[in-house]
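Here is the structure we will look at.
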Amino acid sequence: MSVRRLAPDPVQPASFAFTAANENWIVQQIAKYPEGRQASAVIPLLWKAQEQEGWVSRAVIETVAKRLGMAPMRVLEVATFYTMFNLQPVGEFFVQLCGTTPCALRGAEALKKVCEDVIGPQSTVTADGKLSWLEVECLGACCNAPMAQINVDYYEDLTPANFRQLLDDLRNGRPTKTGPQNGRTGSEPEGGPQTLTDKALYDGSMIGAGDWQKRIVEQRKAAAEAAAAKAAAEAEAKKAAEAEAKKAEATPAAVAAKPATETAAAARPQPSAPAQPSNAANDTPAAKGKVDKKDVAEAAKPAAADKPTAVAESKPELLTAARGGKGDDLELIWGVGPKLGKMLNEMGVWHYDQIAKWTPAELAWVDARLTGFKGRALRDDWIAQSKKLATGWRPESKLGDKPAE
Ligand code: FES
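Residue numbers (the working numbering): 3 to 407.
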C-alpha cells in the first residue's frame with residue numbers, strides 16, 4: 003500500500019482561493035445538500051480545486067474545510083484516501099502510466115524507462131513545468147495495453163517509440179491522437195478481424211433481407227396448405243376404411259357366417275295365429291303374445307340348412323418379417339386395402355407367393371382371423387389373384403384386378 007502524504011513544506015503555497023467561476027460552481031454544489039450536511043460536498047470541492055491548481059495542497063484542504071465547516075483533518079483523510087487526488091504538484095501534462103500485469107506483459111516496463119529518461123523520477127515536474135509522471139494501477143483499458151492516461155485522455159497501444167514521440171508532441175504543443183496508437187480504432191483484433199470474415203455471412207440478400215414480411219406470409223400459407231392436405235388425407239383414409247368395413251359385412255360369405263337373428267327368424271316356422279286353438283305343437287310364447295330372451299336366442303340359431311359349410315382350417319407358413327426387408331404390395335390384390343394389408347403383415351403374410359401356395363384350408367385359417375373382413379379372402383379368391391401377381395403380372399388399377407364373378 004502506498005503511503006500518501008502532503009507535499010513537503012517548501013512546495014506548499016501560502017494560500018488558496020477558488021476563481022470566481024469556480025466559486026459560483028461550488029456554491030451550487032453545496033446547495034445540493036440539506037442544512038447541516040454540507041460536508042457531503044467535500045469530494046466535489048477537492049476535485050474542483052485540483053482542476054484549478056493541478057494538485058491538492060495544504061492550503062486547498064484548509065480552504066475546503068473552512069467552506070464546509072469541517073475539521074481540516076477530516077478533509078485530509080479524504081484527500082489522502084483517494085488516489086485521484088494528487089498530493090504533489092504535477093506538470094501541465096500529468097502522465098499516469100499503468101504498470102499492472104496486462105500492461106506490464108505488453109511492455110509497460112519499457113515505457114517507464116521512457117518516462118524516466120524524458121521526464122525524470124516519478125512525482126517530479128520537468129524544469130519547464132510541462133511534464134510529470136506516476137505509475138498507477140490498472141486503468142481499465144487492458145485490451146489496448148500498454149497504456150497511459152495523460153490528464154483526462156487515454157493513450158493506448160503504446161510502444162517506446164510512439165510514447166517518446168507523444169511526450170515530445172505534448173511538450174511542444176503539437177496535436178496528438180488520443181486512443182490506440184497502432185491504427186486500430188477500438189479494441190478490435192490487431193490487423194483486423196480474424197474470425198467471421200466471410201462476407202457471405204453478412205449478405206442480407208441470401209436470406210431475403212428486405213422481403214421478410216413476404217417470406218413470413220409464404221411460410222404461413224405453406225403451413226396452412228400442408229395442414230389442410232393432411233386433414234383431407236386423414237378424412238379420405240377414414241372414409242375408405244369405413245367403406246371397406248361395410249363391404250366386408252355385405253359379402254355373401256360374411257352373411258353366411260353370421261348367425262343373423264333376422265335371417266334365422268325369417269327361416270323358422272311361423273307361429274300359429276293366437277285365435278287358433280291351443281295345443282302342445284303351436285303353443286309357443288309368441289303365439290301367446292309373449293317373447294322372452296330364451297325364445298329369441300333359440301330362434302336366432304341358424305337352421306342346419308343355412309349353416310355355412312365348415313371348411314377345415316390349417317395354419318399356413320408365416321414369416322416373422324418381409325424377405326429382404328421389403329414385402330410385396332398386397333394392396334394390388336383386389337379387395338385388400340391399407341387396413342387388410344396391415345393385418346396380413348402383422349399375421350406374417352408379406353408376399354404374393356406365400357398366398358399363391360395356400361391350400362383352401364390355409365386360406366380358411368387366414369380368413370377366420372381377418373376380424374371385420376371375414377369372407378373377403380374367399381370371395382375375392384386371393385389365391386388365384388396372388389398366383390398371377392407372383393408371376394410379375396400387374397393390374398392396371400392400383401386397387402387390383404377384380405376377379406370375375
Ligand atoms: S493493466 Fe493496464 S489498463 Fe489494465
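Where a beta carbon is used, it is the ideal one built from N, C-alpha and C, also for glycine. Quick caveat, the model's predicted, so the values are computed rather than measured.
query	result
Measure the beta-carbon distance from GLY337 to TRP352 and round it to whole angstroms, keeping in mind my assumption that it falls under 8 Å.	Going by Cβ atoms, the distance from GLY337 to TRP352 rounds to 18 Å, so no, they are not a contact pair.
Quick one: is the Cβ of LEU141 within less than 7 Å of any heavy atom of the ligand GTP?	As presented, the structure is devoid of the ligand GTP, carrying the ligand FES as its sole ligands.
Can you give the Cα-Cα distance for GLN221 and ARG396, rounded to whole angstroms?	41 Å
Taking the CB atoms as reference points, tell me whether GLN124 and LEU141 lie closer together than 8 Å.	no
So does ALA147 have its beta carbon nearer than 7 Å to some heavy atom of the ligand FES?	yes
Output the boundary residues of the beta strand (DSSP E) element that contains ALA150.	150-152
Which residues in the same chain have their Cβ closer than 6 Å to the Cβ of PHE375, if we skip the five residues on either side of it in sequence?	ALA250, LEU342
Please report how far the alpha carbon of LEU133 lies from the alpha carbon of LEU160, in whole angstroms.	18 Å
Taking C-beta to C-beta, are PRO148 and CYS100 nearer than 8 Å?	yes
Since ARG166 and VAL116 should fall inside the 8 Å C-beta cutoff, what is the C-beta to C-beta distance between them, to a whole number of angstroms?	5 Å
May I ask you to check if the CB of CYS100 is nearer than 7 Å to at least one heavy atom of the ligand FES?	yes
Looking at THR180 and the ligand FES, is the gap between the Cβ and the nearest heavy atom below 7 Å?	no
Work out the CA separation of GLU227 and ALA379 for me, nearest whole Å.	39 Å
Using the Cα positions of ARG76 and ASN184, report the straight-line distance between them to the nearest angstrom.	45 Å
Would you give the residue range spanned by the alpha helix (DSSP H) that LEU107 belongs to?	103-107
Spell out the partners DSSP gives SER134 in its beta bridges.	PHE96
Helix, strand or coil: how does DSSP classify ASP155 here?	strand
Comparing the CB of THR161 with every heavy atom of the ligand FES, is any distance shorter than 7 Å?	no
Nearest CA to the CA of LEU157: which residue from SER59, SER316, THR253, GLN98?	Residue identity check: residue 157 is Tyr in the sequence provided, not Leu. When only C-alpha atoms are compared, the closest one is GLN98.
Apart from the five residues on each side of it in sequence, which residues of its chain come closer than 6 Å, Cβ to Cβ, to ILE152?	PHE95, VAL97
Does PRO36 come out as helix, strand or coil in the three-state DSSP assignment?	coil
Below 7 Å, is the gap between the Cβ of PRO15 and the nearest heavy atom of the ligand FES?	no
Considering only the beta carbon of each residue, do LEU320 and MET349 sit closer than 8 Å?	yes
CB of PRO104 to nearest heavy atom of the ligand FES: below 7 Å?	yes
For the region 188-208 against the region 173-180, are there 3 or more C-beta pairs whose distance is under 8 Å?	no
Please state whether the Cβ-Cβ distance between GLN90 and ALA9 is less than 8 Å.	yes
Let me know the secondary structure DSSP gives GLY181 once reduced to three states.	strand
Judging by CA-CA distance, which residue of VAL62, PRO340, VAL44 is the nearest neighbour of GLN14?	VAL62
Going by CA-CA distance only, name the one from SER399, ALA106, VAL368, GLU25 that's closest to TRP384.	VAL368
Enumerate in chain order the residues of its own chain whose CB-to-CB distance from TYR35 is below 7 Å, with the five nearest sequence positions on each side excluded.	SER42, ALA43
Please work out which residues of its chain come closer than 7 Å, Cβ to Cβ, to LYS309, disregarding the five sequence neighbours upstream and downstream, and give them in chain order.	Confidence at LYS309 is low in this model, with a pLDDT of 45, below 50, so its placement is unreliable and no value can be given for it.
Can you give me the C-alpha to C-alpha distance between LEU365 and TYR354, rounded to a whole angstrom?	13 Å
By the three-class DSSP mapping on this structure, what secondary structure does LYS317 have?	coil
Once the 5 residues before and after LYS295 are set aside, which same chain residues still bring their CB inside 7 Å of it?	Per-residue confidence for LYS295 stands at a pLDDT of 44, beneath the threshold of 50, marking its modelled position as unreliable; the derived number appears in the next sentence. Cβ neighbours of LYS295 beyond the five flanking positions: none.
If you run the structure through DSSP and keep just helix, strand and coil, what is CYS140?	coil
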